[in-house]
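*Asks:* Okay, here's the structure, questions in a sec.
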Amino acid sequence: MYSDSMSSICGDSSNPDRCSNISRPSISDSISLFSAGSVALQEEDPIPHASTVIKMGWLEKTPPQGSLIFQRRWVRLDTDYLKYFKNDKMIFSKRIIPITTIINVARVGEQRFEVVTPNRILLFRVESKLKRNEWIMALQGTMWDQRQCGDITIHPPSHMQGLLELQGHSKIYTVACIDKVFLYRNAEEFQAGIGITSIEMNMSAVKDTDRRAFELITPYKTFRFIAESGEAKEEWVEAMRSSINESFSSHEVAKKIWSVESNRFCADCGKAQPKWAAINLCVVICEPCAVEHRHLGSNISKVQSLEADKKVWTDEFIQLFLLLGNEQANVFWAANMPPGNALSPSSTSEDRESFISAKYQEGRYRCYHQHFGHQEELNNALCMNLQTNDVLETLCLVFCGADVHCDTGCSAFPTPISLAESYNQALQAEFLRQNQNTYIPSPELRHHVGKAPDIGTASITRRGYLFKTGSMTKPITTRRAKEEFSQRWCTLNYDKFSYYANEKNSSPNGELKMKELACLAVNPPEKHGYAHTFEIYSTSGRLYLFGADDLLSVQEWIKSIAKAFIPLSAGDIVCMDFERIGKLCYRDELNVRDPQVGYFSLAGTMLHGSLEGGERMDIDLRKLNELCNILSQQQLTHLNVPVIVDCCSGYIAKYGLTLEGIYRKSGVNSSITTLLEVFRQDARRVEVSQRAVQYQSLLSSMPPLNKATLQALINHLHCIQHFEDINQMSQYNLAIVFGPTQFQTDGRDSRASQVVEELIGQYVTIFSVNEQELQKQLEEIRLIMKLQGKGVKQIPDNMTAAELVVKILAQCKISLNEQECWSCFEMNEREGTERSLHYQEKVLPIIHSLGTEKILLVKRNFTMKAMLSYLGKETKGWRSGVMKFREERTLLGRGSFHDRFFVLSDSSLRLFKEVQSIRPEREWPVKSLKVYEGIKARLGPPTRWGMTIVSEDDRKQNQRWYMCFETQIDMIEWMATFMSIQHKGNVWPEEYTQVE
């Protein structure tokens with residue numbers, strides 16, 4: 001419920017002491033508080049306080065449009081705001097309502113309550129009366145506390161506010177405050193105080209990306225904004241950076257940490273008053289050094305400002321830095337540093353980068369523990385030391401290789417953290433928590449101090465942030481924008497790749513074992529929103545897309561993952577600059593039946609492989625003669641004959657038997673290699689009658705698929721030679737064409753042709769064919785030839801479907817009446833689908849595109865009357881509804897029907913996962929779709945009434961989707977709407993009314 005009047009938002013601001021007259025509320029049917037919409041902003045910038053969560057849980061609410069359909073939302077109430085989210089995993093809310101804008105909370109019925117603001121009433125529903133009362137009490141108590149403390153402002157002080165375009169959305173009203181950025185739909189909602197979401201700035205960064213565009217980067221999502229001009233963009237960037245700087249508002253932490261004298265100077269260069277710290281390394285550093293620490297990555301150095309929000313710096317954290325201090329920390333980190341290598345406050349960024357990388361990433365100057373290089377001794381020493389308060393010894397042990405996740409040997413306290421806590425060593429436990437995912441320089445570096453660690457030294461263990469989309473079962477065919485990626489903390493530990501919501505989470509969102517990986521693919525730059533991306537394919541059929549803008553980071557991840565799942569015996573293919581790497585099944589020419597597993601990498605035009613037994617294989621793809629499936633893997637008909645053989649022979653039988661020199665003027669390459677050698681040996685050594693018996697014996701030893709394919713081909717050739725007087729193709733002529741092509745010879749050996757000639761001549765005997773069935777087949781061919789002679793001889797290129805219908809009906813002398821509609825249909829006999837051609841559609845291009853499975857048929861259109869009747873009554877011009885839906889294929893070729901919500905408009909067909917969904921899962925332009933009535937029976941449609949939707953993609957390949965309806969009427973109405981939209985209401989011609 002929105003009001004256009006500003007007066008309805010503002011309350012009486014003339015009496016600022018009104019809140020003193022309000023008593024603390026109790027649970028009641030209604031409580032009314034005044035609106036504070038007109039209170040002026042404070043002049044001073046208050047220090048932002050952390051909002052404590054008071055209550056959260058699942059509630060059902062009605063949408064803003066007032067629909068009676070409730071939507072399930074995760075609702076969170078804190079001391080400042082009431083927020084609701086799409087689910088409990090979301091970080092950013094769908095709506096945010098300041099507590100100061102709520103003027104009433106009231107019961108509505110048994111399980112509902114409403115939250116009233118000056119501009120909107122939100123109706124919620126809970127599962128019980130008790131929970132309803134709990135929510136009302138929590139809301140009323142929070143409202144009371146706000147008034148008691150005198151906090152009645154709607155808008156906190158801001159640096160800048162105004163309209164910005166958010167990529168993927170329209171312009172939104174944006175407000176940059178001192179510690180948050182608020183997003184509103186428009187200025188009116190800003191005035192009312194009801195926003196979309198808020199973005200915490202103390203964990204954010206601003207990136208200047210374009211003349212008018214910039215990005216606000218958070219650990220969870222990147223927001224891309226576009227300003228009106230370049231000048232406006234500069235102002236916005238400066239305002240947001242000010243918000244970030246001011247969000248780090250606690251100076252108390254710096255003062256406490258500087259109380260230790262060594263902490264007043266940078267641990268790396270000695271610059272005074274350092275305001276940053278590498279919290280896992282326990283060193284205090286200056287801003288220039290902090291920049292280089294950040295470049296190492298958070299898996300090596302976790303950089304945090306001393307002026308960060310106080311809740312970041314816990315008491316244990318501060319005590320840790322007071323206990324150690326830079327002096328003690330450098331006893332370990334700089335124990336072996338040559339004097340000439342030290343930095344100074346005036347050192348260049350290049351010198352800082354080199355020094356800091358050597359000091360912390362390589363551990364070049366560290367103090368080596370006496371157990372260095374001996375894992376078991378390090379772990380035992382760590383567990384013993386955790387019983388004491390010697391944190392420096394723990395730091396030395398951990399950064400010399402002790403495992404912070406090792407087994408302590410104590411079942412009650414199995415991890416080092418739990419062991420430290422059991423001995424009340426809070427500082428020890430805090431230090432271990434900060435280094436649960438830290439990269440530790442490997443022992444090998446002790447003997448290679450002059451060289452940075454190659455990724456191979458720790459390639460099986462890696463940690464860091466990547467951006468990821470949701471896993472899927474379909475190949476990625478479209479560009480994924482940055483907004484579709486979410487930041488994830490990723491770890492690679494030997495045989496397992498895991499990803500987490502952030503580095504503080506201990507439970508992964510998902511994980512992949514290396515033995516489950518099938519392929520790793522590297523995408524071209526800029527293919528998706530992030531500049532550099534790669535795809536991981538699992539053996540279960542799922543696809544994972546990861547990326548980042550940092551090329552070096554992505555390359556290192558790719559190499560690490562490849563080394564983790566490719567065995568050492570095939571390790572050389574990992575070192576290549578590959579585009580795709582993984583395991584494949586292969587067959588060699590000596591054993592085509594039993595596949596073997598090999599590891600392959602694709603690099604440019606070269607395919608490199610490591611076969612079983614360690615054999616290497618390198619193939620230049622430019623020199624391939626043929627790339628095809630073996631016979632057993634081709635698509636088959638119901639008679640176990642490859643579809644390509646059946647289609648080609650069927651097409652020739654229908655249209656090519658009367659062509660002179662058929663097959664002699666052109667040949668077809670297909671392979672029957674298993675018969676080659678035996679036929680060559682036996683062709684001349686036996687008599688004709690004996691040969692037939694020998695052929696039968698050889699055929700019985702063939703695999704059923706190969707035998708069925710050979711019989712289908714010979715049957716086709718046998719039928720062709722029956723019409724030798726027309727096509728001039730005798731058994732001999734067919735044999736000299738098909739002998740070399742089938743047996744893959746150079747044509748010089750006549751025995752291959754002789755074998756084919758005998759197979760054609762003795763087809764009935766060798767294959768034990770029923771002669772009556774053969775004669776029936778020949779009669780069908782003669783009938784086709786006869787009908788072709790009597791049919792429509794020529795179809796002009798501009799003939800429409802309506803003109804063809806009139807011509808065919810006239811030729812067949814079929815009388816018409818006003819109660820009948822006749823149409824031309826494109827029919828697929830095998831799939832059981834048909835499409836009524838629009839009366840203006842050109843016929844000739846469709847005829848040319850027909851295969852052997854499709855025909856054009858003129859017949860009565862029994863649904864047209866119902867479609868025209870529906871369109872005559874329907875005025876809205878669009879349609880929506882829930883239907884059963886499935887796609888044709890997934891990565892593994894599996895699929896089933898699911899409920900999906902569809903909206904068909906004048907421009908597109910959109911698919912939503914649920915009725916309440918806002919963003920469609922898929923969207924297709926209506927103009928590009930072909931709609932067929934019927935669905936392939938083998939797909940198991942759940943109802944009798946279905947449609948097949950066909951769309952041509954950018955590669956000119958057809959993609960298919962299937963929709964099922966509850967009734968025939970629903971299907972007819974949907975098809976009528978499709979046809980009406982595609983042809984702008986011109987469904988049936990008025991000039992052909994008599995044809996009806």
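Residues in the sequence shown are numbered from 1 upward in steps of one, following the UniProt record's numbering. Just so it is clear, CB atoms sit at the ideal spot from N, CA and C, and this is done for glycine as well. For clarity, every value in this text was computed on a predicted model and none was experimentally measured.
1) Are the beta-carbon atoms of residue 419 and residue 406 separated by less than 8 Å?
2) Buried or exposed: where does residue 224 fall if 16 or more other Cβ atoms within 10 Å of its Cβ makes it buried?
3) Kindly list the residues whose CB is nearer than 6 Å to the CB of residue 432, restricted to its own chain and excluding five residues on each side of it in sequence; keep chain order.
4) Classify residue 336 as helix, strand or coil using the three-state DSSP reduction.
5) Could you check how far apart the C-beta atoms of residue 904 and residue 965 are, in whole angstroms? I think they sit under 8 Å.
6) Tell me, please, which residues DSSP counts as bridged to residue 599.
7) Going by the DSSP bridge assignment, what does residue 833 pair with across the sheet?
8) Between which residues of its own chain and residue 229 is the CB-CB distance below 7 Å, once the five residues before and five after are set aside?
9) By a C-beta neighbour count over all protein chains shown, 10 Å radius and 16 as the cutoff for buried, is residue 464 buried or exposed?
10) Tell me which residue opens and which closes the beta strand (DSSP E) that residue 104 is part of.
11) For a quick check, are the C-beta atoms of residue 802 and residue 839 less than 8 Å apart?
12) Specify the secondary structure class of residue 839 as computed by DSSP and reduced to three states.
13) What number of angstroms, rounded off, separates the C-alpha of residue 754 from the C-alpha of residue 763?
14) Hey, how far is the Cα of residue 873 from the Cα of residue 968?
15) Residue 155 and residue 193 - do their beta-carbons sit closer together than 8 Å?
16) In this structure, how does DSSP classify residue 868 when only helix, strand and coil are distinguished?
17) Could you please give the first and the last residue of the uninterrupted beta strand (DSSP E) stretch that includes residue 401?
18) With a CB to CB cut of under 6 Å and the five nearest residues on each side skipped, what residues in its chain are close to residue 986?
19) In terms of alpha-carbon separation, which member of 950, 862, 561, 908 lies closest to residue 886?
20) What are the residues that DSSP puts in a beta bridge with residue 998?
21) Taking just the CA atoms, how far does residue 600 sit from residue 620?
22) Taking 8 Å as the threshold (C-beta atoms), are residue 577 and residue 548 in contact?
23) Grouping DSSP H, G and I as helix and E and B as strand, with all else coil, what is residue 767?
24) If residue 911 sits next to residue 929, beta carbons under 8 Å apart, how far is it from one beta carbon to the other, in whole angstroms?
25) Starting from the Cα of residue 568, find the closest Cα among 611, 523, 756 and give me that residue.
26) Would you mind listing the alpha helix (DSSP H) stretches within the region 209-297 that are 4+ residues and don't spill past its ends, in chain order?
27) Less than 8 Å between the C-beta atoms of residue 1012 and residue 826, yes or no?
28) Consult DSSP for residue 845 and reduce its assignment to one of helix, strand or coil.
29) Counting along the chain, where does the beta strand (DSSP E) carrying residue 949 start and finish?
30) Residues bridged to residue 963 by DSSP?
31) Name the DSSP bridge partner or partners of residue 439?
32) Quick test of the definition: if touching needs 3 or more C-beta pairs under 8 Å, does the region 94-113 touch the region 122-135?
33) Quick check: the region 178-198 against the region 258-265, are at least 3 beta-carbon pairs closer than 8 Å?
34) Using a Cβ-Cβ cutoff of less than 7 Å, which residues in the same chain neighbour residue 426 once the five nearest sequence positions on both sides are dropped?
35) Just list the residues that DSSP pairs residue 181 with in beta bridges.
36) Would residue 286 and residue 356 qualify as a contact pair, given that the criterion is a beta-carbon distance under 8 Å?
*Replies:* Answer, in terms of the structure:
1) Contact: no.
2) With 16 or more other Cβ atoms within 10 Å, it is buried.
3) If we look at residue 432 and ignore the five residues flanking it on each side, its Cβ neighbours are 404, 416, 417.
4) It is coil, neither helix nor strand.
5) Actually they are not in contact, since the Cβ atoms of residue 904 and residue 965 sit about 13 Å apart, beyond 8 Å.
6) Beta-bridge partners assigned by DSSP to residue 599: 583, 610.
7) Note: residue 833 sits in a beta bridge opposite 828.
8) Hits under 7 Å: 212.
9) With 16 or more Cβ atoms within 10 Å of its Cβ, residue 464 is classed as buried.
10) Per DSSP, residue 104 is one residue of the beta strand (DSSP E) stretching across 104-108.
11) Contact: yes.
12) Residue state, collapsed to three classes: coil.
13) Distance between the alpha carbons of residue 754 and residue 763: 14 Å.
14) Between the alpha carbons of residue 873 and residue 968 lies a gap of roughly 18 Å.
15) In this structure, residue 155 lies closer than 8 Å to residue 193 by Cβ.
16) Helix.
17) First-last for residue 401: undefined, no H or E at that position.
18) Result list for residue 986: empty, nothing under 6 Å.
19) When C-alpha distances from residue 886 are compared across 950, 862, 561, 908, the shortest belongs to 950.
20) For residue 998 there is no data in the structure shown, the boundaries of the chain being 1 and 996.
21) When rounded, the distance between both Cα atoms is 13 Å.
22) Not a contact, by the Cβ cut-off of 8 Å.
23) Under the three-state reduction of DSSP, residue 767 is assigned to coil, being neither helix nor strand.
24) About 12 Å separates the Cβ atoms of residue 911 and residue 929, ruling out a contact at the 8 Å cut-off.
25) Across the set 611, 523, 756, the C-alpha of 611 shows the shortest separation from the C-alpha of residue 568.
26) Listed in chain order, the complete alpha helix (DSSP H) runs (minimum 4 residues) inside the region 209-297 are 230-247, 252-257, 287-296.
27) Here the chain covers residues 1 to 996 and nothing more, so residue 1012 does not appear.
28) Residue 845 falls in the helix class under three-state DSSP.
29) Its beta strand (DSSP E) spans residues 945-952.
30) Residue pairing by DSSP puts residue 963 in a beta bridge opposite 885, 947.
31) Paired residues: none, contrary to the question.
32) In short, these stretches touch, since the Cβ pair count reaches three.
33) Not touching, per the Cβ criterion.
34) Cβ within range, chain order: 316.
35) Looking at the DSSP assignment, residue 181 forms a beta bridge with 176, 199.
36) No, the Cβ-Cβ distance between residue 286 and residue 356 is not below 8 Å.
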